[in-house]
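These notes are about the structure you will find just below.
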Amino acid sequence: MKVTLITRALLLLCISNLAFTGWHVFSKLRKRLGKRQGYSYVGSDYPSELPIRPLPLVEIQLQESVQLPLVGQGADEAWMTLTTYPPGKGWVRLGPDRRLFAVVMFHQLHCLRMIQRAFVNKTDPIAGPHHVQHCLNYLRQHFLCEAADDLEEGDFMTRDYERDRMGSTLVCEDWTKVYEFAEKNFEEWKAWASERGICTIADGEWGDGICR
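Throughout the sequence shown, residue numbering follows the numbering used here, covering 362 to 573 in sequence.
If you want it as structure tokens, here you go:
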């Protein structure tokens, strides 16, 4: 009897998980593929992406860049640009009431910055173990979701990156369009907020635009 009850409970749990997953996937697909233009931005009624698609395609050649050294003179300032640009620091405000959203690309860049801070300073009060653990998991799951299937020649573990500094050429969506949208959105938000006496100051490297 006990085994039967456990089996039924597990079966019910599996069915519930499948139903929830199916609903979530269907909801995401409907948002991505549907032709709907208007959203209320209340609850879950908002688009899954910025309204800038389709993005143009661009090429980028992978390389061992010296622009972002892990440590050394100017390293911290260089890495800080990942989280201080564009204005608004990765947040956008959409809909009639300017609902706040984070853009995934900027969240990912923020996580790279936090990992770099943790490398440099093990006692960093912001880039602590829990924050870094979140970032590692966040990036891992996004890498899996992207499922990049580009092919790289040979064994990357045996490559001399000091000598062979240039890698594959990738075809990507134009990330500069995301920056442009975020920058324009922040300027529009400032104008909207100014008319209503709302503060638009964003604290720190990942501020949320709320006065402190």
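Cβ coordinates follow ideal geometry from the N, Cα and C atoms, glycine included.
Item                                                                                                                      : Value
Cβ contact check for the stretch 488-503 and the stretch 518-530: 3 or more pairs under 8 angstroms                       : no
Spatial neighbours of Asn546 in its chain, beta-carbon cut-off 6 angstroms, leaving aside the 5 residues before and after : Val453
Anticipated Cβ contact below 8 angstroms, Tyr522 with Glu425, distance rounded                                            : 5 angstroms
Cβ of Glu438 within 8 angstroms of any chain D Cβ                                                                         : No chain D is part of this structure, which consists of one protein chain only.
Spatial neighbours of Lys538 in its chain, beta-carbon cut-off 6 angstroms, leaving aside the 5 residues before and after : Ile413, Leu416
Stretch-stretch touch, CB-based, cutoff 8 angstroms, three pairs: the stretch 530-537 with the stretch 427-447            : no
Leu443 classed as buried or exposed, judged by whether at least 16 other C-beta atoms fall within 10 angstroms            : buried
Span separating the alpha-carbon of Thr530 from that of Asp510                                                            : 13 angstroms
Supposed contact pair Ala543 and Pro447 - C-beta distance, whole angstroms, cut 8 angstroms                               : 5 angstroms
N- and C-terminal bounds of the alpha helix (DSSP H) containing Trp536                                                    : Here Trp536 belongs to no alpha helix (DSSP H), and DSSP marks it neither H nor E.
Run of the beta strand (DSSP E) containing Ile421, from where it starts to where it stops                                 : 418-424
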